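Take a look at the structure set out below.
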Amino acid sequence: MSLTSLLLIYCVLILVASLAGGLIPLMVRLTHRRIQAGVSFVAGMMLGVGLLHLLPHALLAAPGAIHAVFLWVLAGFLVMFFTERFFCFHHHEVPQVGKDSLYGHQAEACPHVRSDAHALTWSGAAVGLTLHTVFNGIALAASVEAESHAGAAGALAGLGTFLVIFLHKPFDAMTISTLMTLGGWSTMARHIVNGLFALMIPLGVLLFYVGMGRAHGEGNLLAYALAFSAGNFLCIASSDLLPELHFHAHDRGALSAALLTGLAIAVLIGVVEQGSHGHPHGPAGAAAVDSHDHGPEAARHLGHDHQH
2 MSLTSLLLIY CVLILVASLA GGLIPLMVRL THRRIQAGVS FVAGMMLGVG
52 LLHLLPHALL AAPGAIHAVF LWVLAGFLVM FFTERFFCFH HHEVPQVGKD
102 SLYGHQAEAC PHVRSDAHAL TWSGAAVGLT LHTVFNGIAL AASVEAESHA
152 GAAGALAGLG TFLVIFLHKP FDAMTISTLM TLGGWSTMAR HIVNGLFALM
202 IPLGVLLFYV GMGRAHGEGN LLAYALAFSA GNFLCIASSD LLPELHFHAH
252 DRGALSAALL TGLAIAVLIG VVEQGSHGHP HGPAGAAAVD SHDHGPEAAR
302 HLGHDHQH
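Just so we're aligned, residue 2 is where the sequence shown starts under the working numbering, counting upward by one.
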């Protein structure tokens with residue numbers, strides 16, 4: 002399967018997940034406990050993918066630029082941190098859409114969600130979620146590119162990163178739906194906006210490959226994109242997990258089990274990917290990244306010897 006086909010499949014599935022996330026509150030009775038269990042699971046998986054998938058591939062792609070790689074990890078963390086701080090888009094609570102409960106947990110999670118500030122809330126969340134989703138697209142493309150060059154077989158390339166985005170997207174969709182409900186938007190409008198936000202994923206993919214093309218195969222750019230994405234993932238996972246220590250004294254065992262399950266799946270995917278690799282990691286593997294043409298078309302080069 003070519004990288005273009007794989008990325009297209011990933012993007013379509015993420016779009017479906019986003020639309021489904023907007024429908025879930027209408028079809029399933031969500032509780033605080035269920036939401037937090039799901040958030041803990043996805044956060045655990047995101048933590049594992051960031052530390053065990055994205056960061057190692059970044060270091061392998063730029064073995065002589067370790068300090069720069071970690072600077073990009075820090076940059077990714079801080080960019081996501083300040084995006085959340087100023088736009089307050091990343092909060093997951095039970096969507097309260099009833100007339101008497103519109104300003105329940107969501108209003109507490111984000112202080113500026115109030116009856117006289119719907120426009121401000123919506124515009125801020127729109128900017129934050131747009132940036133967040135574009136960054137996800139960059140992470141997905143960089144992960145697929147790096148893991149395909151590392152020898153991951155077929156659909157395994159970028160699988161861990163895809164699953165994190167796929168499973169996290171419904172929570173973002175519920176955030177959008179709740180904020181739009183507060184603003185009096187129709188159900189159809191909420192679905193359309195959810196779809197538009199999901200389309201920011203392919204935009205991020207496109208931006209990644211445009212950047213790679215302008216860099217003329219500069220391997221360090223791939224490494225920095227992976228490192229930046231790892232920082233993003235670490236920040237999001239932290240913002241989901243750390244509140245549990247202070248505000249969720251209930252269900253400690255269940256939430257901890259959900260976290261460890263997500264982390265275990267990330268580890269398992271890494272083990273499976275390593276078993277499918279056609280060549281070893283290390284400087285030689287990193288050199289292979291530089292020897293290939295970047296972009297979706299690069300899939301045709303995999304498995305072939307090149308003249309250097």
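Just so you know, even glycine gets a beta-carbon here, dropped at the ideal spot from N, CA and C.
These figures come from a predicted structure and were not determined experimentally.
With 16 other Cβ atoms within 10 Å as the buried cut-off, status of residue i
i	result
residue 87	exposed
residue 214	exposed
residue 29	exposed
residue 143	buried
residue 211	exposed
residue 149	buried
residue 251	exposed
residue 35	exposed
residue 190	exposed
residue 10	exposed
residue 2	exposed
residue 115	Note on residue 115: pLDDT 41, under 50, position unreliable in the model; no value is reported.
residue 23	buried
residue 272	exposed
residue 13	exposed
residue 27	exposed
residue 32	exposed
residue 83	exposed
residue 202	buried
residue 129	buried
Residue nearest to residue i in terms of C-alpha spacing, selected from the options
i	options	result
residue 49	6, 237 and 32	237
residue 41	177, 187, 168 and 158	168
residue 389	13, 239, 27 and 275	Limits of the chain in this structure are 2 at one end and 309 at the other, which puts residue 389 out of reach.
residue 242	39, 177 and 194	39
residue 204	140, 56 and 80	140
residue 232	25, 63, 89 and 70	70
residue 146	74, 135, 184 and 158	158
residue 77	187, 263, 65 and 229	229
residue 223	32, 60 and 19	60
residue 195	170, 254, 264 and 82	170
residue 174	184, 193 and 163	193
residue 58	134, 258, 227 and 202	227
residue 239	79, 126, 164 and 64	79
residue 19	178, 263 and 253	178
residue 21	64, 188 and 53	188
residue 225	55, 7 and 4	55
residue 85	221, 269, 65 and 234	234
residue 17	125, 164, 181 and 199	199
The alpha helix (DSSP H) enclosing residue i, as first and last residue numbers
i	result
residue 68	67 to 88
residue 34	33 to 50
residue 57	56 to 62
DSSP three-state assignment for residue i, whether helix, strand or coil
i	result
residue 97	Bear in mind that a pLDDT of 49 at residue 97, under 50, signals an unreliable position, so the number given afterwards is only what the model happens to contain. Correct three-state label for residue 97: coil.
residue 241	helix
residue 2	coil
residue 216	coil
residue 285	For residue 285, the predicted structure reports a pLDDT of 39, less than 50, and the residue's modelled location is therefore unreliable. A value from the coordinates is still provided. It is helical.
residue 17	helix
residue 293	Any answer about residue 293 is weak, because its pLDDT of 44 lies below 50 and its placement is not dependable; what the coordinates show is given next. Residue 293 falls in the coil class under three-state DSSP.
residue 30	coil
Below-7 Å beta-carbon distance, residue i vs any chain D residue
i	result
residue 24	This model lacks chain D altogether; it includes just one protein chain.
List in chain order: all unbroken alpha helix (DSSP H) runs of 4+ residues lying wholly within the segment 130 to 205. Fully enclosed alpha helix (DSSP H) runs of 4 or longer: 160 to 183 and 188 to 199.
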